[in-house]
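Have a look at the structure below, then the notes.
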Amino acid sequence: MSAEPQLQSPWQAATITRIEKRTPRVTSFWFQPSRPFTHLAGQHVDVRLTAPDGYQARRSYSIASAPEAGAGIELVIERLDDGEVSPFFHDVAEVGDEIELRGPLGGHFIWEASDGGPILLVGGGSGVVPLMAMVRHRTLQKSAAPIALVFSARVWDEVIFRDELIGLDDRRDGFDLVLTLTREQARRPSDYSRRVDARMMMQAMERLSKAPRLAFVCGSNAFVSAAAEALIEAGVPAGLIRTERYGV
Amino acid sequence: MVTRGFFSGRRPPSDTDARIPPGQYLEQGFPVLSAGPTPRVRTEDWSFTLKHGPRPIKKWNWAEFNALPQSKMTRDIHCVTAWTKFNTPWQGVLIDDILADAGIEPPSAFTLAHSFDGYSTNVPTKDLVTGKAMVALLYEGKPISPDHGGPARLLVPHLYFWKSAKWVNGLQFTERDEPGFWELRGYHIYGDPWREQRYSGDP
Ligand SMILES: Cc1cc2nc3c(=O)[nH]c(=O)nc-3n(C[C@H](O)[C@H](O)[C@H](O)COP(=O)(O)OP(=O)(O)OC[C@H]3O[C@@H](n4cnc5c(N)ncnc54)[C@H](O)[C@@H]3O)c2cc1C
């Protein structure tokens with residue numbers, strides 16, 4: 036065994052292999068790292084951009100792909116018009132470009148099929164990304180763990196992964212999708228048209244066979260605070276709630 | 003490695019450059035990060051316990067703790083998610099003054115800070131004393147809001163900000179450097195922003 040201290044996840048170059056627009060403001064980018072790694076569902080990578088004068092900007096992005104999906108990772112980036120890094124990806128980055136990243140990172144906001152269920156996932160906007168990795172992981176593992184995903188988006192056309200999620204929901208194999216639209220009427224009979232609240236959480240939990248063993252909440256800070264409070268009001272012990280906040 | 007097409011960097015003004023650690027950017031707001039829901043700790047229920055290993059040394063309630071000598075500290079803070087915020091003004095009780103009130107010298111070289119939500123983080127004792135750290139009670143002259151760690155949070159401004167445990171309810175002196183919550187989950191055991199010690203294994 037080597038006793039050399041080693042950077043666990045050093046910076047490395049990764050090549051963009053595919054770009055696909057998902058919603059008007061959200062685009063998926065697939066990266067092939069030069070030194071491939073295996074992540075766990077829910078983890079993120081750090082990305083850094085370097086200007087010619089050496090100035091660097093660095094941000095975190097969750098991995099949307101399942102660990103067993105094979106070569107490369109999918110990052111899903113929402114465009115913030117006055118942001119520094121996300122507009123670069125939307126306006127400048129092209130297939131074939133090399134971007135520096137390090138990962139996988141994060142050891143708390145993680146679910147493995149072997150952890151079992153039931154699991155309650157609550158995502159707002161691009162906060163669905165690490166939850167999607169968990170849902171995809173469940174599917175590829177053929178796990179029977181019941182999972183309910185409450186996904187809040189502003190409008191129907193901003194529901195990231197919409198077709199894929201509805202397709203999984205239609206299988207009725209223990210995965211339940213609950214959509215809630217905050218600025219439009221619901222399209223599916225079982226969906227909601229309001230912000231997340233305790234009653235919605237209780238109804239989502241009724242779709243699970245028993246009380247969730249863990250709840251994962253991800254999105255903007257305001258969303259995570261509201262959703263975590265709704266979960267507590269719905270009776271989920273605070274110690275079972277894991278949060279990932281995207282910042283402002 | 004220069005990134006093709008990336009020019010529009012939001013460079014900090016050059017006179018502030020020396021205050022921004024490597025890989026950090028300047029933030030005007032005050033983002034919130036935490037592992038779980040925000041606990042609402044009522045000051046009636048609040049307490050702070052000093053321990054050596056399993057043994058309690060002294061415990062304060064909210065009124066007793068607020069009666070300890072208070073100090074002000076205005077510092078730059080650095081979050082591991084890459085933002086740096088200048089000149090954050092805090093007021094609270096220096097760890098030195100907590101030890102003095104308990105009538106002890108630091109009994110060991112390592113400390114674990116504990117929080118109401120079960121979070122813990124390890125800090126070498128020498129990084130807490132000689133005016134380097136406090137248990138903060140006020141931010142910008144006002145009670146610290148729950149999402150920023152109120153009623154009281156640890157403030158160790160020269161280390162990455164996850165070391166400044168929110169909702170702090172005690173310090174425990176330990177014989178060994180015992181990793182806390184994030185340190186067990188891939189974050190650096192010490193966390194010096196100037197050496198960019200973000201993740202475990204970083205030199
Ligand atoms: C663990 C983790 C995982 C994440 N995963 C994802 C993900 O999967 N997908 C995703 O889209 N995002 C994700 N994020 C958020 C992401 O890291 C970035 O914060 C986000 O992309 C915005 O970066 P930006 O550079 O475009 O915007 P920034 O330049 O950081 O600005 C963010 C906002 O703040 C304002 N702002 C901040 N500073 C200034 C300034 N100096 N001047 C003017 N305006 C300012 C801007 O108005 C902008 O709207 C994640 C964050 C974390 C912590």
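Chain order of the listed sequences is L and D.
Numbering-wise (my numbering), the first sequence opens with residue 36 and increments by one.
Numbering-wise (my numbering), the second sequence opens with residue 3 and increments by one.
For each residue, glycine too, the CB sits at the ideal point set by N, CA and C.
1) Using a Cβ cut-off of 7 Å, which residues of the stretch 134-157 of chain L contact any Cβ in chain D, in chain order?
2) Based on DSSP bridge pairs, tell me the residues matched to residue 79 of chain L.
3) Can you tell me which residues form a DSSP beta bridge with residue 54 of chain D?
4) Roughly how many whole angstroms lie between the Cα atoms of residue 185 of chain L and residue 155 of chain L?
5) Alpha helix (DSSP H) containing residue 32 of chain D: first to last residue?
6) Residue 123 of chain L touches chain D at which residues, Cβ-Cβ below 9 Å?
7) Under 8 Å, Cβ to Cβ, is there at least one residue of chain D near residue 75 of chain L?
8) Express the C-alpha separation of residue 106 of chain D and residue 255 of chain L in angstroms, rounding to a whole number.
9) Roughly how many whole angstroms lie between the Cα atoms of residue 258 of chain L and residue 159 of chain L?
10) Within its chain, find whatever has a CB closer than 6 Å to the CB of residue 34 of chain D; leave out the 5 residues flanking it on each side and keep chain order.
11) Could you tell me which residues DSSP pairs with residue 81 of chain D in its beta bridges?
12) Hey, how far is the Cα of residue 265 of chain L from the Cα of residue 241 of chain L?
13) With a threshold of 7 Å (Cβ to nearest heavy atom), would residue 30 of chain D be considered close to ligand 1?
14) How would you call residue 53 of chain L, buried or exposed, if buried means at least 16 neighbouring beta carbons within 10 angstroms?
15) For the stretch 124-143 of chain L against the stretch 217-227 of chain L, are there 3 or more C-beta pairs whose distance is under 8 Å?
16) Quick one: is the Cβ of residue 12 of chain D within less than 7 Å of any heavy atom of ligand 1?
17) State buried or exposed for residue 41 of chain L, treating a residue as buried only when at least 16 other CB atoms are found within 10 Å of its CB.
18) Alpha carbons only, please: which of D:118, D:191, D:74 is nearest the one belonging to residue 99 of chain D?
19) Considering only heavy atoms of ligand 1, does any lie closer than 7 Å to the CB of residue 118 of chain L?
20) Where residue 125 of chain D and residue 112 of chain D are concerned, what is the direct C-alpha to C-alpha distance, given to the nearest angstrom?
21) Mind checking if residue 119 of chain D is an interface residue toward chain L, Cβ cutoff 8 Å exclusive?
Looking at the coordinates:
1) 134, 135, 140, 141, 142, 143
2) Stepping through the first sequence from its first residue, residue 79 of chain L is reached at position 44. Per DSSP, L:97, L:140.
3) For this step, residue 54 of chain D is matched to residue 52 along the second sequence. By DSSP's assignment, residue 54 of chain D forms a beta bridge with D:57, D:175.
4) Here residue 185 of chain L corresponds to residue number 150 of the first sequence, with the count starting at 1. Here residue 155 of chain L corresponds to residue number 120 of the first sequence, with the count starting at 1. Going from the Cα of residue 185 of chain L to the Cα of residue 155 of chain L covers about 8 Å.
5) Here residue 32 of chain D corresponds to residue number 30 of the second sequence, with the count starting at 1. For residue 32 of chain D, there is no enclosing alpha helix (DSSP H), since its DSSP letter is neither H nor E.
6) Locating residue 123 of chain L in the first sequence gives position 88, counting from the first residue. The answer, in chain order, is 5, 7, 8, 10.
7) Taking the first residue of the first sequence as 1, we reach residue 75 of chain L at position 40. Judged by the 8 Å Cβ criterion, residue 75 of chain L is not in contact with chain D.
8) The residue labelled residue 255 of chain L in the question sits at position 220 within the first sequence. The residue labelled residue 106 of chain D in the question sits at position 104 within the second sequence. If you take the alpha carbons of residue 255 of chain L and residue 106 of chain D, they lie about 44 Å apart.
9) Position 223 of the first sequence, counting from 1, holds the residue named residue 258 of chain L. Position 124 of the first sequence, counting from 1, holds the residue named residue 159 of chain L. Rounded to the nearest angstrom, the two C-alpha atoms are 6 Å apart.
10) Reading the second sequence from its first residue, position 32 is the one you call residue 34 of chain D. Closer than 6 Å at the Cβ level, and outside the excluded window around residue 34 of chain D, lie 149.
11) Taking the second sequence and counting its residues from 1, one reaches residue 81 of chain D at position 79. The partner list for residue 81 of chain D (beta bridge, DSSP) is empty, contrary to what the question assumes.
12) Counting from 1 along the first sequence, the entry for residue 265 of chain L is found at position 230. Counting from 1 along the first sequence, the entry for residue 241 of chain L is found at position 206. When rounded, the distance between both Cα atoms is 15 Å.
13) Within the second sequence, the letter at position 28 stands for residue 30 of chain D. Checking the Cβ of residue 30 of chain D against ligand 1 gives yes.
14) For the purposes of this step, residue 53 of chain L is identified with residue 18 of the first sequence, where counting begins at 1. Burial call: exposed.
15) Counting C-beta pairs with one atom in each stretch, the stretch 124-143 of chain L and the stretch 217-227 of chain L have fewer than three that are closer than 8 Å, which means they do not touch.
16) In the second sequence, counting from the first residue as 1, residue 12 of chain D sits at position 10. Result yes, Cβ under 7 Å from ligand 1.
17) Residue numbering aside, residue 41 of chain L sits at position 6 when the first sequence is read from its first letter. Low per-residue confidence applies at residue 41 of chain L: pLDDT is 46, beneath 50, and the placement is therefore not dependable, though the value from the model is reported in the following sentence. Around the beta-carbon of residue 41 of chain L, fewer than 16 other beta-carbon atoms lie within 10 Å, marking it exposed.
18) On the second sequence, position 97 is the one that residue 99 of chain D refers to. Ranking D:118, D:191, D:74 by Cα distance to residue 99 of chain D puts D:74 first.
19) Walking along the first sequence from the start, residue 118 of chain L turns up at place 83. The answer is yes for residue 118 of chain L.
20) Along the second sequence, read from residue 1 onward, the residue named residue 125 of chain D stands at position 123. Along the second sequence, read from residue 1 onward, the residue named residue 112 of chain D stands at position 110. Going by the C-alpha atoms only, they are around 6 Å apart.
21) Here residue 119 of chain D refers to the residue found at position 117 of the second sequence. Judged by the 8 Å Cβ criterion, residue 119 of chain D is in contact with chain L.
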